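Asks: Dumping the structure here so I can ask a few things about it.
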Amino acid sequence: MLRHNLAFKVTLLIVSILIAGFGTLLVLNIRQETQALVVKNQETARILASSVVETIEIGMLRVRPDIVRRLVQQLKTELKDVRRIGVYRRNGVEAFADLETLEEVNRKVHLDPELVKSISAMSRAPGPPNKNPLFRRAVETILPEQIYESIDGARVLTLFQPLRNLKECQACHGTDHEVRGVLQISLGLEKLDAQILAARNRQILVALVTIVAVTVTLLIAMGRLVLQPVARVAAAARRIGDGDFETRVPVGSRDEIGQLGTVINDMTGRLKMAYGELAAKNKTLDETLHNLQDSMKRVELLEQLKDELSKFVPDSVKRMLEQNPEATELEQREKDVSAIFLDIAGYTRLSEQMDTRQVNRLLQRYFSSFLEIIHDYQGDVNETAGDGLMVIFQNDRSSTEHALNAIRSALAIQRQVEELNQEFAGVFQPVLLHMGINSGPALVGASKLTSSAGPRWIFTALGPVINVAARMAGEATGGEILMTSSTAERVKGHFVLERLGERRLKNVADLVQVYRLIQPGVYDRVVQGG
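According to the working numbering, the stretch in the sequence shown is residues 1096 to 1625, in order.
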């Protein structure tokens, strides 16, 4: 419930805005103060490096390298911030370690023998040469270089301060170079990191205190000016919603919340009036509803009767009747159709070997499954005669399509017979279907026959095409599906057909070319003849 509370949402909004604003300001302040501390630290390091360089130059002008050595040693031991210090000649070799420079200067200016002896006693092997790229850059550019790096896991600032070959030094060191050497000094950053952390913590503390103070102030103001008046409006609206139309919202200001209260009060008055009118009309509505329920029951009864009667009427007839229920003949004209005649092989033998009720159950079970298949392929059962069916397929857009639907329906019925034979093995004797298919023009339509018992609608398909389809079924044996050349020409690219030659059919004057439909998968290609 807390997340749906207005006070919670307002608090969350205020805190979010303050955190976003002060957070951005905090990041900028911390970054700016950190940058200032870093710049200050760098300046301090450069001043220290410059002071050391001046001291080295003074010692060298006095020809006292021993002073420089002691200075370097004191810086290493007495200054905690100094992590590493060294003076290197311009070729990278550590200075003030060996006697190379002493011997060169002694040859030119003839130093005091006692001084030479004293300095020689302090000689040692130089350390590893300095190969740092910044050291080489300082020698080449005669400008200080700096880098942040890590020594023994601690961050340090390392400076490379060039030692210029001053005019006063050229008598001893020559004039062929501008840099005599480079001072490398590394200073630890622990104090800088501590200062940055302290500044960051101080900024965060100030930001948190400010956010809390501003949040509390804004919440108190929002509570008095917005949240409490809104709560009073909500409480009044809730009572009005419960049906208390005497409730009024206290209006204490002229702002938007006060205007809302005034509008709610006006609405409540109108609701009270409307409620009275609604109660008066509700009684009338109850009476009307009772009458409507009685009417609905009668309509449901009629719909049930319609559904039961529609089971005996083909879909084509139902569509025609919906379009013109008063006509005596509906859409009865010549159309291109495909017709299937199917009958059960050996029906007479089955009738003699089985009880009449068993035969009836067998026909009902098998033919009921056929009707679902025929409906799926847009066929209409035209006639049923004991052991046979006559089915008509139509398609106004394509004469090929209704022929394909007839073939597909015949194959599906054939597969259904095989499955039912397996299902009822031992209960019924196996059934074989003979099917004949023909396509072409026929007189198709519905007619209403009127007698003293009342009107009766029938769906008819008449013509030679229908007669030939019936004779083709009579020619089929052993569960065959036979068709004429008219149907075969329409479907020959879709199914495997076997031409059986011309045959003379009963009551058909001309010879008829007969094709047998082969179940898919038997042959790899369509066998076409002629």
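Glycine included, each C-beta is placed from N, C-alpha and C at the ideal position.
Bear in mind that the values here come from a model prediction, so they are computed numbers and not experimental data.
Any idea which residues DSSP pairs Leu-1592 with across the strands?
Replies: Leu-1592 pairs with Leu-1612.
Asks: Is the number of C-beta pairs between the segment 1481–1490 and the segment 1430–1450 that are closer than 8 Å three or more?
Replies: At 8 Å Cβ cutoff, the stretches touch.
Asks: Run through the segment 1334–1366 for me and flag every whole beta strand (DSSP E) of 3 or more residues, listed as ranges in chain order.
Replies: Whole beta strand (DSSP E) segments, 3+ residues: zero.
Asks: Use the C-beta contact count for Asp-1605: other C-beta atoms within 10 angstroms, 16 or more gives buried, fewer gives exposed.
Replies: It is exposed - the Cβ of Asp-1605 has fewer than 16 other Cβ atoms within 10 Å.
Asks: Using C-beta distances below 8 Å, list every residue in its chain close to Ala-1571, excluding the 5 sequence neighbours before and after it, in chain order.
Replies: Answer for Ala-1571: His-1529, Met-1530, Gly-1531 and Leu-1577, listed in chain order.
Asks: From Ala-1375 to Asp-1350, what distance separates their C-alpha atoms?
Replies: Roughly 38 Å between the two C-alpha positions.
Asks: To the nearest angstrom, report how far apart Pro-1615 and Gly-1588 are at their CA atoms.
Replies: C-alpha separation (whole angstroms): 13 Å.
Asks: Suppose the cutoff is 8 Å on Cβ atoms and the five residues either side in sequence are ignored; what does the same chain contact list for Val-1358 look like?
Replies: So the list is empty, once near-sequence residues are dropped.
Asks: Checking 8 Å against the spacing of the C-beta atoms, do Arg-1179 and Ser-1281 come in under that value?
Replies: Yes, the Cβ-Cβ distance between Arg-1179 and Ser-1281 is below 8 Å.
Asks: Compute the beta-carbon to beta-carbon distance between Gly-1187 and Pro-1228, rounded to the nearest angstrom, for a pair I have assumed lies under 8 Å.
Replies: The pair is not a contact, with the Cβ atoms about 11 Å apart (cut-off 8 Å).
Asks: For the alpha helix (DSSP H) that contains Tyr-1442, what are its first and last residues?
Replies: That run of the alpha helix (DSSP H) goes 1442–1448.
Asks: Determine the DSSP secondary structure at Asn-1296, reduced to helix, strand or coil.
Replies: Helix, per DSSP.
Asks: Is the Cβ-Cβ distance between Asn-1477 and Ile-1487 less than 8 Å?
Replies: Yes, the Cβ-Cβ distance between Asn-1477 and Ile-1487 is below 8 Å.
Asks: Tell me whether the beta-carbon of Val-1539 lies closer than 8 Å to the beta-carbon of Thr-1579.
Replies: No. Outside cutoff.
Asks: What is the DSSP secondary structure of His-1272, reduced to helix, strand or coil?
Replies: Coil at His-1272, not helix or strand.
Asks: Determine the DSSP secondary structure at Gln-1524, reduced to helix, strand or coil.
Replies: DSSP places Gln-1524 in coil when its eight states are reduced to three.
Asks: If I follow the unbroken beta strand (DSSP E) through Ser-1463, where does it start and stop?
Replies: Counting along the chain, Ser-1463 falls outside any beta strand (DSSP E), though it belongs to the alpha helix (DSSP H) covering 1451–1471.
Asks: Considering just the uninterrupted stretch of the alpha helix (DSSP H) at Phe-1230, what are its terminal residues?
Replies: Its alpha helix (DSSP H) spans residues 1228–1236.
Asks: With 16 as the cutoff for other CB atoms within 10 Å, does Met-1362 come out buried or exposed?
Replies: It is exposed - the Cβ of Met-1362 has fewer than 16 other Cβ atoms within 10 Å.
Asks: If distances are taken between C-alpha atoms only, which option among Val-1105, Gln-1168 and Tyr-1243 comes closest to Ala-1140?
Replies: Ranking the options by Cα distance to Ala-1140, first place goes to Tyr-1243.
Asks: What are the boundary residues of the beta strand (DSSP E) that Ser-1493 is part of?
Replies: That residue, Ser-1493, is in no beta strand (DSSP E); it is neither H nor E in DSSP.
Asks: Let me check understanding here. Comparing Cα to Cα, which of Thr-1451, Gly-1569 and Gly-1574 lies closest to Ala-1505?
Replies: It is Gly-1574 whose Cα lies nearest to the Cα of Ala-1505.
Asks: Reducing DSSP to helix, strand and coil, say where Lys-1376 ends up.
Replies: Helix, per DSSP.
Asks: Confirm, please, whether the CB-CB distance from Ile-1114 to Ile-1315 is below 8 Å.
Replies: No, the pair does not count as a contact, with Cβ atoms beyond the cut-off.
Asks: Taking a contact to mean a Cβ-Cβ separation below 8 Å, would you say Val-1563 touches Leu-1499 in this structure?
Replies: In this structure, Leu-1499 does not lie closer than 8 Å to Val-1563 by Cβ.
Asks: Looking at the structure shown, is Phe-1103 part of a helix, part of a strand, or coil, going by DSSP?
Replies: In the structure shown, Phe-1103 sits in a helix (DSSP, three-state: H, G or I).
Asks: Would you check if there are 3 or more beta carbon pairs closer than 8 Å linking the segment 1123–1133 to the segment 1282–1295?
Replies: Taking 8 Å as the limit for Cβ pairs, the verdict is that the segment 1282–1295 does touch the segment 1123–1133.
Asks: Inspect the beta-carbon positions of Ser-1145 and Gln-1256 and report whether they are closer than 8 Å.
Replies: In contact: Ser-1145 and Gln-1256 (Cβ atoms closer than 8 Å).
Asks: For Asn-1124, name the three-state secondary structure that DSSP assigns.
Replies: The answer is helix: DSSP assigns Asn-1124 an H, G or I state.
Asks: Can you check whether the CB of Phe-1465 is closer than 8 Å to the CB of Ile-1508?
Replies: A contact, by the Cβ cut-off of 8 Å.
Asks: With 16 as the cutoff for other CB atoms within 10 Å, does Met-1655 come out buried or exposed?
Replies: Examination of residue 1655 is not possible in this model, given that the chain is present from 1096 through 1625 alone.
Asks: Please report the Cβ distance between Ile-1151 and Leu-1278, rounded to the nearest whole angstrom; I am assuming they are in contact, meaning their Cβ atoms lie under 8 Å.
Replies: Contact holds; Cβ gap of about 7 Å.
Asks: So, Leu-1600 versus Arg-1611, is the Cβ gap smaller than 8 Å?
Replies: No, the Cβ-Cβ distance between Leu-1600 and Arg-1611 is not below 8 Å.
Asks: So, under 8 Å CB-CB, Leu-1515 and Arg-1460 are touching, yes? Tell me the CB distance rounded to an integer number of Å.
Replies: Right, the Cβ-Cβ distance comes to about 7 Å (below 8 Å), so this counts as a contact.
Asks: May I ask you to check if the CB of Asn-1227 is nearer than 7 Å to at least one heavy atom of the ligand FAD?
Replies: Within the structure as shown, the ligand FAD is missing, as the structure has no ligands at all.
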